[in-house]
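Report on one structure; see the data block that follows.
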Amino acid sequence: MSKNAENSAASGSFPHGGAQSLPTRSIRILGVPLDLGASRRGVDMGPSAMRVAGLEARLLSGDERRRAEAAALYRKRVHEYKGTRRALLAALGQALRAARICAVSQGMAAIRAGSDEHGWGIELREMARIWTAGCILRSRLLEDIMRAYERAPRLDNLLLDSEFREVVRGCEPGWRHAVATGIELGVPLPALGASLAYFDALTSAHLPQNLTQAQRDYFGAHTYRRTDDPEGGAVHTDWQRLARRVVVPPGRTG
C-alpha cells in the first residue's frame with residue numbers, strides 16, 4: 002500500500018473523493034513465521050511443500066522464452082503410454098484425492114503450529130466449518146475434516162486420523178502409478194510429486210537426512226547423533242582418516 006493510500010485509509014477519507022464517513026481504525030496484519038524454531042521444525046510444519054511446488058510451477062509456466070530455449074536444446078524423446086486410458090484416469094483420480102488430503106494436512110498443521118506459537122487459540126474444527134460458508138477452500142472434504150477434529154480436537158496431522166488413513170491407503174497404488182507414469186513420460190507433476198514425497202517422509206521412521214547430517218559432519222564438523230544411540234550426545238568422526246583405513250579390493254578404484 003502506498004503512503005498516501007495508507008494515510009487516507011487511516012483518516013477515513015479516500016484519495017478520489019469517495020465517502021468519508023468511515024470511522025478511523027487501526028488494522029494490524031497477522032502472519033505466521035515460516036521458521037518456528039529448531040525444536041519445532043518438521044515435515045508437517047512451516048511452509049507447505051505443495052504450495053512451494055505450485056509456486057514454482059507458476060513461475061516456470063510464466064518463463065515461456067527460457068522454457069522454449071531449453072526445450073530446443075534438450076529435445077526430449079516422446080514416450081508413449083502403454084497402459085489403458087481407463088486405468089490412467091483412475092490412477093489420476095486417486096492421486097488427486099490423496100494429494101488434496103496431503104495439502105490440507107500441511108496447511109492445517111502449519112495453522113496449528115502458528116496458533117500454538119502465538120497463543121491464538123484457533124480451533125481447527127471451527128475453522129473448517131467457517132470455510133464451508135463460501136471460502137475459496139470450500140469443498141466436500143471440509144466435512145470430513147470437521148469430523149476428524151471432532152474425534153480428536155488436538156489431532157497433530159490429518160493423515161493420522163483413522164478415516165483419512167483408510168482413504169489414503171486406498172489411493173496409494175494409483176497415486177504412485179500416476180506420479181511414476183508422469184516421471185517416465187517426462188510430464189512435470191510438481192504438486193502430485195511433492196505430495197507423495199511428503200507422505201513418504203511423514204510415514205518413514207528413518208529419513209535420508211541421517212546421511213545428510215553425516216556429510217555435514219564430514220566437511221564442516223557439524224557433529225551428528227548415532228541412530229544406534231539416540232539418547233547419546235552429539236559426536237564427530239574424522240571421516241577422512243576413516244576413509245584411509247578402508248581396504249579397497251583389487252581391481253576396484255573406490
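In this note's numbering, the protein residues as written are 2 to 255.
Ideal Cβ positions, reconstructed from N, Cα and C, are used throughout, including at glycine.
{"Query": "Option in 124, 120, 98, 222 with minimal Cα separation from residue 286", "Result": "One cannot answer for residue 286 here, as it falls past the ends of the chain, which runs 2 to 255."}
{"Query": "Per DSSP, the bridge partner or partners of residue 225", "Result": "236"}
{"Query": "Coil, strand or helix - residue 178 by DSSP", "Result": "helix"}
{"Query": "Rounded Cβ spacing between residue 179 and residue 96 (contact assumed at less than 8 Å)", "Result": "4 Å"}
{"Query": "Residue-level contact to chain C via CB, residue 68, 7 Å cutoff", "Result": "Any reference to chain C falls outside this structure, which holds one protein chain only."}
{"Query": "Exposed unless 16 or more other CB atoms sit within 10 angstroms - verdict on residue 50", "Result": "buried"}
{"Query": "Whether residue 54 touches residue 175 by CB criterion (7 Å)", "Result": "no"}
{"Query": "Three or more C-beta pairs below 8 Å linking the segment 133-153 and the segment 61-78", "Result": "no"}
{"Query": "Residue 209 in three-state terms, based on DSSP", "Result": "coil"}
{"Query": "CB of residue 165 within 7 Å of CB of residue 156, strictly", "Result": "no"}
{"Query": "Range of the contiguous alpha helix (DSSP H) that encloses residue 120", "Result": "Here residue 120 belongs to no alpha helix (DSSP H), and DSSP marks it neither H nor E."}
{"Query": "Exposed unless 16 or more other CB atoms sit within 10 angstroms - verdict on residue 244", "Result": "exposed"}
{"Query": "Outcome for residue 141 when other beta-carbon atoms lying within 10 angstroms are tallied against a minimum of 16", "Result": "exposed"}
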